[in-house]
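Visitor: I am attaching a structure below and will ask some questions about it afterwards.
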Ligand SMILES: [Zn+2]
Ligand SMILES: [Zn+2]
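Residue numbers (my numbering): 8 to 145.
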């Protein structure tokens with residue numbers, strides 16, 4: 008469970024009605040919404056919330072390090088509240104469903120020395136692709 012709201016409260020982040028709604032939309036597991044999706048979901052809870060407020064709030068959450076930007080399909084950036092646990096993504100190539108996954112090995116240390124070209128390698132992002140069970144049975 009990503010306890011985004013709790014983390015923000017713990018940091019003393021001023022929770023206005025607008026910010027709270029954005030944080031509530033992003034609370035949960037396997038959450039990877041585009042900014043437009045966050046805006047649509049936020050609007051259903053707080054009809055007057057503007058797109059600009061949603062975008063600004065997302066930007067703040069990213070600079071706080073409480074939300075990470077994910078780009079799994081090379082198109083829209085997605086916002087992921089699972090910011091404190093290293094994870095990778097499993098993406099359905101039909102419906103776009105995204106799951107947070109944790110490989111058994113460590114993809115960072117798995118890169119052989121001769122493939123590092125002298126770089127001090129500090130991060131790795133892996134995207135696994137496939138077909139999810141509901142698409143497979145459709
Ligand atoms: Zn699918
Ligand atoms: Zn994720």
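C-beta: ideal position from N, C-alpha, C; glycine also. Model, not experiment: these values are computed from the prediction.
1. Using DSSP with H/G/I as helix, E/B as strand and the rest coil, what is residue 10?
2. Just verifying my parser: in three-state terms, what is the DSSP assignment at residue 33?
3. Between residue 47 and residue 91, what straight-line distance do the alpha-carbon atoms span, to the nearest angstrom?
4. Excluding five sequence neighbours on each side, which residues of the same chain lie with their C-beta closer than 7 Å to the C-beta of residue 15?
5. Report, in whole angstroms, the separation of the C-beta atoms of residue 132 and residue 95, which I expect to be a contact under 8 Å.
6. From residue 11 to residue 117, what does the alpha carbon distance come to, in whole angstroms?
Guide: To lay it out plainly:
1. Sequence index remark: in the chain shown, residue 10 carries index 3 (1-based). In the structure shown, residue 10 sits in coil (DSSP, three-state: anything other than H, G, I, E or B).
2. One-based indexing of the chain shown puts residue 33 at position 26. Three-state result, residue 33: coil.
3. Stepping through the chain shown from its first residue, residue 47 is reached at position 40. Stepping through the chain shown from its first residue, residue 91 is reached at position 84. Each residue's alpha carbon lies about 26 Å from the other.
4. Working through the chain shown from its first residue, we reach residue 15 at position 8. The residues are 22, 30, 73.
5. Stepping through the chain shown from its first residue, residue 132 is reached at position 125. Stepping through the chain shown from its first residue, residue 95 is reached at position 88. Between residue 95 and residue 132 the Cβ distance is about 7 Å, and since that is below 8 Å, they are a contact.
6. Within the chain shown, numbered from 1, the residue matching residue 11 stands at position 4. Within the chain shown, numbered from 1, the residue matching residue 117 stands at position 110. Using only the alpha carbons, I get a separation of about 31 Å.
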